[in-house]
Amino acid sequence: MITAKLLAEQKNPQADVVFGVALTSLLVMEKKDMLEPFKPEGVQNLKSEFVSQKSVPTWTGMDAWESAICVNKVELEKRKLPIPKTWKDLTNPIYKNLIVMPNPASSGTGFLDVTAWIQIWGEKQAWDYMQALDKNISQYPHSGSKPCKMAAQGEIPIGVSFGYPAFKLKAEGAPLEVVYPTEGLGWEMEASAIVKGTKKLSSAQKFINWSVSKAANEAYAHNFSMVAYKGIENTTMDFPKNLPQMLVKNDFYWAAEQRERILAEWSKRFEK
364 MITAKLLAEQ KNPQADVVFG VALTSLLVME KKDMLEPFKP EGVQNLKSEF VSQKSVPTWT
424 GMDAWESAIC VNKVELEKRK LPIPKTWKDL TNPIYKNLIV MPNPASSGTG FLDVTAWIQI
484 WGEKQAWDYM QALDKNISQY PHSGSKPCKM AAQGEIPIGV SFGYPAFKLK AEGAPLEVVY
544 PTEGLGWEME ASAIVKGTKK LSSAQKFINW SVSKAANEAY AHNFSMVAYK GIENTTMDFP
604 KNLPQMLVKN DFYWAAEQRE RILAEWSKRF EK
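Mapped onto our numbering, the consecutive letters of the sequence shown carry residue numbers 364 to 635.
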């Protein structure tokens, strides 16, 4: 929604800064030359993958989230079913109608799953996988966290979601097992940028300077498994220490470039 509004306003920008938008969406704006290059103070403190690789950055990353499977152990035990450990396990017919996954056309979490599967297996195998998975999906809600909430409440045994709500709901007492599939995890980054054409450039630059600061990243770390600033980690949830090693090598530029094609193909196959 935010990206669509910004694209519609391209000739007459109303925003000064884009803050906390999925990088794959921000890269659509970059391609249309809508971002103002700016090298913020302290940018050297950020991990390299969280900074635009242009000589003067057009965007800077803030935090990231990764795919996870939320499994309600009580609901699976009732059905005498095993806990899935891999993406491929989710296609087992024993889980028919027992899985909920976010709709990738309206959820960044759903989209990062689809692009991860394509990058792990290649196009043909990934679409074959999704065709098999679809047979076990009961619905595709428009929210990345909803499948996990549904699993936590016992509405569904298995929700494809992301890590933060999974660990948060588990810490609050939900009977959840948080599964990170062994084939690799899709992930997405929140990023910020200055909108080209802003009449408040100085204020926008000050805001971006703050957005890459240690204090800002400490705030992000309360709600995300990973942040841009080197050495800052989430201490409120029980994320695995080797989480960065579980992530797929995500080509964000490819994902942004292929976004419309991939979503059109997914919608043609699976929107009911």
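By construction, the Cβ of each residue, glycine as well, lies at the ideal position given by its N, Cα and C atoms.
task: Below 8 Å CB to CB, which residues in the same chain sit around residue 611 once its five sequence neighbours on both sides are set aside?
output: 479, 482, 483, 547, 548, 549 and 550
query: Going by other Cβ atoms of all chains shown within 10 Å of its Cβ, with 16 needed for buried, is residue 598 buried or exposed?
result: exposed
- request: Compare the Cα-Cα distances from residue 425 to each of 581, 444 and 626 and report the closest residue.
  value: 581
- prompt: Residues bridged to residue 424 by DSSP?
  reply: 554
- prompt: How long is the line joining the alpha carbons of residue 589 and residue 400, rounded to whole angstroms?
  reply: 25 Å
task: Mind the definition here: the region 412-421 touches the region 459-477 only if three or more C-beta pairs lie below 8 Å; say whether that holds.
output: Flag = no, the region 412-421 and the region 459-477 do not touch.
query: To the nearest angstrom, how far is it from the Cα of residue 454 to the Cα of residue 620?
result: 28 Å
field: Counted within 10 angstroms of its Cβ, other Cβ atoms place residue 471 as buried (16 or more) or exposed
entry: buried
- request: Determine, using beta carbons only, whether residue 630 and residue 382 come nearer to each other than 8 Å.
  value: Taking 8 Å as the Cβ cut-off, residue 630 and residue 382 do not qualify as a contacting pair.
task: Assign residue 553 to one of two classes, buried (16 or more other C-beta atoms within 10 Å of its C-beta) or exposed (fewer than that).
output: buried
- prompt: Using a Cβ-Cβ cut-off of 7 Å (strictly less than) and excluding sequence neighbours within five positions of residue 529, which residues of its own chain qualify?
  reply: 431, 433, 511, 539 and 541
- request: State the CB to CB distance for the pair residue 558 and residue 396, rounded to an integer number of angstroms; the pair is presumed to be in contact (CB under 8 Å).
  value: Residue 558 to residue 396, Cβ: 11 Å. No contact.
query: Which full runs of the alpha helix (DSSP H) of 4+ residues lie inside the region 443-525, going along the chain?
result: Complete alpha helix (DSSP H) runs here, min 4: 471-484, 486-497 and 509-515.
- prompt: Taking the continuous alpha helix (DSSP H) assigned at residue 391, which residues delimit it?
  reply: 386-394
query: Short check: CB of residue 402 to CB of residue 420, under 8 Å?
result: In this structure, residue 420 lies closer than 8 Å to residue 402 by Cβ.
query: Is it buried or exposed for residue 437, if we count other Cβ within 10 angstroms and need 16 for buried?
result: exposed
query: Any idea if residue 445 is buried or exposed, counting beta-carbon neighbours within 10 angstroms, 16 or more meaning buried?
result: exposed
message: On the DSSP letters alone, give me the boundaries of the alpha helix (DSSP H) that residue 564 sits inside.
response: Start and end: 564-574.
query: With a CB to CB cut of under 6 Å and the five nearest residues on each side skipped, what residues in its chain are close to residue 520?
result: 435, 438, 439 and 461
- request: May I have the straight-line CA-CA distance separating residue 456 from residue 604, to the nearest angstrom?
  value: 33 Å
query: Under a three-way DSSP split, which group does residue 437 fall into?
result: In the three-state DSSP reduction, residue 437 falls in the helix class (H, G or I).
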